[in-house]
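In the order they appear, the protein sequences are chains A and B.
Numbering-wise, the working numbering puts 296 at position 296 of the first sequence, and it's gapless, one number per residue.
So the number in the working numbering is just where the residue sits in the second sequence, counting from 1, plus 396.
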Amino acid sequence: MPMPKIHEVGDRVRSSVALHTEKKREPRLRPRQHLKKKLRHKPTKVAIFRYSYYAPAFKYFIEQVLDCEYLRLPDPTDRNIELGSLYSSDYVCTPFKHILGDFIEALELGADIIVQTGGPCRLGYYGELQESILRDLGYEFTMLNFSHGIEKGYVGWAKEVLKVVNPDLNIPHAVRQLIATGGMMSKLDEAHDFYLANRGFEVEKGSFDRAWTALSDAFDACKTDRDITEAFRIAMERFHEIALDKPENPLRIGVVGEFFTAIDENSNLHLERKLTDMGIEIHRMINFTNRYTHYNEPNLRRGASKYLLYDMGPTSTMTVAAALSYAQQGFDGVVHAKSAGCTPEIDCVPVLQQVSADYGMPILYLTYDAQTSDTGLDTRLEAFYDMIAMKKEKHL
Amino acid sequence: MSATSPKGGAHNRERFSGKLAVNNVLLKTDYADVRIIGIPRALLFYRYRTFWTTFFENLGRRVVYSRETDQAILEAGTARSIDECCLASKAYLGHVESLLTTCDAVFVPCYASWNVRCGFCTKFQSLPDLVRNTFAQERYVKDGRLHAGIRILTCEVTDISDKKTVISAYTELAQRLGATPAQTKRAIKEALKAQEAEDAARANAQEEALRLITQLKRQARKSSKEGKPATEPPLTILFAAHPYIAHDHFLGGSVIDALERLDCQIIFADETRHERTFKESFEFSDTIPWVVNRELIGSIMLLQDHIDGIVLVSAFPCGPDSMTDDAIMRCIQGTPILNLLIDAQSGTAGIETRVESFIDILRFQRKGGYIHADA
Chain A
1 MPMPKIHEVG
11 DRVRSSVALH
21 TEKKREPRLR
31 PRQHLKKKLR
41 HKPTKVAIFR
51 YSYYAPAFKY
61 FIEQVLDCEY
71 LRLPDPTDRN
81 IELGSLYSSD
91 YVCTPFKHIL
101 GDFIEALELG
111 ADIIVQTGGP
121 CRLGYYGELQ
131 ESILRDLGYE
141 FTMLNFSHGI
151 EKGYVGWAKE
161 VLKVVNPDLN
171 IPHAVRQLIA
181 TGGMMSKLDE
191 AHDFYLANRG
201 FEVEKGSFDR
211 AWTALSDAFD
221 ACKTDRDITE
231 AFRIAMERFH
241 EIALDKPENP
251 LRIGVVGEFF
261 TAIDENSNLH
271 LERKLTDMGI
281 EIHRMINFTN
291 RYTHYNEPNL
301 RRGASKYLLY
311 DMGPTSTMTV
321 AAALSYAQQG
331 FDGVVHAKSA
341 GCTPEIDCVP
351 VLQQVSADYG
361 MPILYLTYDA
371 QTSDTGLDTR
381 LEAFYDMIAM
391 KKEKHL
Chain B
397 MSATSPKGGA
407 HNRERFSGKL
417 AVNNVLLKTD
427 YADVRIIGIP
437 RALLFYRYRT
447 FWTTFFENLG
457 RRVVYSRETD
467 QAILEAGTAR
477 SIDECCLASK
487 AYLGHVESLL
497 TTCDAVFVPC
507 YASWNVRCGF
517 CTKFQSLPDL
527 VRNTFAQERY
537 VKDGRLHAGI
547 RILTCEVTDI
557 SDKKTVISAY
567 TELAQRLGAT
577 PAQTKRAIKE
587 ALKAQEAEDA
597 ARANAQEEAL
607 RLITQLKRQA
617 RKSSKEGKPA
627 TEPPLTILFA
637 AHPYIAHDHF
647 LGGSVIDALE
657 RLDCQIIFAD
667 ETRHERTFKE
677 SFEFSDTIPW
687 VVNRELIGSI
697 MLLQDHIDGI
707 VLVSAFPCGP
717 DSMTDDAIMR
727 CIQGTPILNL
737 LIDAQSGTAG
747 IETRVESFID
757 ILRFQRKGGY
767 IHADA
């Protein structure tokens, strides 16, 4: 059912709403000019690494939360990973190389500040080592590294931002916008889940990609929480309007794996696009929302308690729990994507093999390093597709 | 509130027994029948050997270690592992396999990294599940019934910098082994004391060795000033590697042998007093997440003035070392560093050549380098 337009409803209920909001309005304790928005952002150029489809959320974070200018990186080329591999230790995990390459490109484009997130496992040390490598290369920059202040959580990060980026940040405003950023990431994930499940069955080729670009552009233009909700609503309407030719029982594949490689299409060589092009329905539990916003590790682990006693690593529980849930839902296969040298995901492999054996569900293990060839991946995916398609035919 | 003296005792007893009952539901005594506990001689064994052994022996258990790493163990472990695993973890699985026939249960603890500045590689966190799933095809007998997998004894230590969590983890383990609270308390206390004593003994020995070398150097300098022929003090090499590489005769042994053959005095970075090295490492970096690497780096910084060279050894492809070795090579200036990677190749000629040339350079430098080459 199409939703009624906001203004149509608005005319009818305006008077009652106005009265209602007038009552609920917070008292104006401050003089009005405090609330007046600055005309432009601080002229510092801030760049962040490329990470999948989250660029609009990063832009929103930098412009609305940090109140700085966002430096957009162009679409990635092979030069990115070549630069990254050239300057990093050879057996460090591949996301490190991708991100280092991104930072070099950002600094060449004139970034003043580059942002690195802190995190579990080796990610916590990415920032400091990358800063050291880039300084040795002679770049002048400031790094906003969220690995600092991680012990104190949000307070520590707020102090770090005030110190490094913008001392006259309006904290209450920034907090509100940070929550909105989280909301935008969740909405991006939600839209992407729909995109993955249905892109393989579009009647007119390319309509999902066009709708996705439109969504991305609309999110890029957002300035407030309300803009985000509105953009999301319009985008989802457009997604739902796309004509589909979906069989009753399509091939379904779950994608599991490491947080960077399983999600970022640049580092997994467009794995999802390749799979959906074959007419497969894709599900991917691991994304920002499920890993950070709604992450409840003990709860997830309980579902897979046959295989897991303890938390095995930053994303391991989700990898195993997702694979298990796909197996229980009768998926046709699972693709496990990880970067070379990712210790937690390597340790997951024996567990996944066990799941695969118990449920008779094939799992394709993909390891991406800096030299992974596109054609090699195509061959492996095609072989996997043929296998699961034949298996399905046999069982129907 | 009104539970005063006459009823108080009963009330307290009830409360106490209630708590125990709750604990008994939570903590089964499912390990009570385990008499012989096997500990794999790999990974954290080299850090906590004394603690674990004292703990189990105080609870009346017999402890067996697997034999020293050898080619057969490594091959068995490699066959069990995913090929991308690091060498040390492959060896670990080989050690577990070698223990299967000699003990009732294998001790595989989980050391997690809840403290972001004092954690471990995620390998130590995933070991129990890794071992359970790797050996899922094996079978063992318990209570007259056949069970799938192998029997492992495990506990979860979430944060080693917080003594309370360590004690609570081992309390749970002791209770599952069927120990009374008093036995548990004593076993943990004894174990902590024994481990501290051993660490202190090693640190003292190292300080003593360093003191002797400083003395020798001073003497040599004095006698060369007076024009007398002096005995040259040995080259002091700081061996910075994870303890499971440095003290394993198979993995790190070839490097140690090569250094000893060249008459070097080896100082192990992992033996320097841990509290001091950990604290010192924050001068180097405040975001390194791994406690062992912190201790190695802290040791390098503390001892840099007393040593002639540093040998960094890591097992291929060690996750933490892939980053910290890079940082050490970039940031530690003024002391020559040799960075070696150990892999599954059994030939040692390559390592020997590199160690020899490194020592030659150090000797050359000690004589004055290019500037005073003829002196």
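In this text, a Cβ means the ideal position worked out from N, Cα and C, and glycines have one as well.
- The beta carbon of B/VAL707 sits closer than 6 Å to the beta carbons of ILE633, PHE635 and LEU734 from its chain, once the five residues preceding and following it are set aside; these are given in chain order.
- Looking only at B/LEU758, B/THR465 and B/MET719, the smallest Cα-Cα distance to A/GLU128 is reached by B/MET719.
- Proximity of chain B to A/GLU151 at the Cβ level (cut-off 9 Å) is accounted for by ASN511, VAL512 and ARG513, in chain order.
- Within 10 angstroms of the beta-carbon of A/GLU237 lie fewer than 16 other beta-carbons, which makes it exposed.
- The bridge partners DSSP lists for B/SER710 are B/LEU737.
- A/ALA211 counts as buried, since at least 16 other C-beta atoms from the protein chains shown sit within 10 angstroms of its C-beta.
- B/GLN591 sits close to B/THR446, with the two beta carbons spaced by under 9 Å.
- With respect to chain B, the C-beta atom of A/ALA158 has no partner C-beta closer than 9 Å.
- In the same chain as A/VAL161, and ignoring 5 residues on each side of it, no C-beta atom comes closer than 6 Å to its own.
- Listed along chain A, no residue sits closer than 8 Å to B/GLY746 by beta-carbon distance, the nearest being about 17 Å off.
- Within the same chain, Cβ atoms closer than 8 Å to the Cβ of A/GLY124 are found at GLY118, SER147 and ILE150, the five residues on either side in sequence being excluded.
- Identification of residues in the segment 467-500 of chain B having a C-beta nearer than 7 Å to some C-beta of chain A yields ILE478, GLU480 and CYS481, given in sequence order.
- Between A/LEU300 and A/ALA327, the CB-CB gap reaches or exceeds 9 Å.
- Distance between A/ASP358 and A/LYS42, taken at the CA atoms: about 57 Å.
- Across the segment 343-363 of chain A, CB contacts with chain B closer than 7 Å involve THR343, PRO344, ILE346, ASP347, VAL349, PRO350, VAL351 and GLN354, in sequence order along the chain.
- When DSSP states are grouped into helix, strand and coil, B/LYS560 belongs to the helix group.
- Restricting attention to A/ASN266, A/HIS192, A/THR315 and A/TYR70, the CA atom closest to the CA of A/ARG79 is found in A/ASN266.
- DSSP places B/LYS538 in the strand class (E or B) of the three-state scheme.
- Checking the DSSP bridge columns, you'll see B/TRP686 partnered with B/GLY515.
- Pairing A/SER88 with A/ILE48 gives a Cβ-Cβ distance that is not under 9 Å.
- Taking CB atoms only, A/VAL164 has no neighbour in chain B less than 9 Å away.
- Separation of the CB atoms of B/ARG458 and B/ARG431 is rounded to 6 Å, and the pair is thereby assigned contact status at 8 Å.
- For A/GLY313, the chain B residues whose C-beta falls within less than 7 Å of its own C-beta are THR518, GLN521 and SER522, listed in chain order.
- In summary, A/GLN329 is exposed, with fewer than 16 beta-carbon neighbours lying within 10 Å of its beta-carbon over all protein chains present.
- Closer than 9 Å to the CB of B/ASP558 there is not a single CB belonging to chain A.
- Scanning B/ALA428, B/TYR536 and B/VAL512 for the CA closest to the CA of B/LEU496 turns up B/TYR536.
- For B/ASN529, the chain A residues whose C-beta falls within less than 7 Å of its own C-beta are TYR307, PRO350, VAL351 and GLN354, listed in chain order.
- Sequence-distant partners of A/CYS121 (beyond 5 residues in either direction) whose C-beta falls short of 8 Å from its own C-beta, in its chain, are GLY313, PRO314, THR343 and PRO344.
- Inclusion of B/ALA665 and B/LEU699 in the CB contact set at 9 Å is warranted, their separation being smaller than that value.
- Proximity of A/SER89 to chain B, defined by a Cβ-Cβ separation below 9 Å, is satisfied.
- In the DSSP assignment, B/LEU758 falls within the unbroken alpha helix (DSSP H) covering 745-762.
- For the segment 668-685 of chain B, the set of positions with a beta-carbon nearer than 8 Å to some beta-carbon of chain A reads SER681, ASP682, THR683, ILE684 and PRO685 in chain order.
- Around the beta carbon of B/ASN600, fewer than 16 other beta carbons lie within 10 angstroms, which makes this residue exposed.
- When Cβ-Cβ separations below 9 Å define contact, B/SER718 makes contact with chain A.
- One Cα belongs to A/LYS306, the other to B/LYS559, and the distance between them is close to 30 Å.
- A/TYR70 sits in a strand when the DSSP states are folded into three classes.
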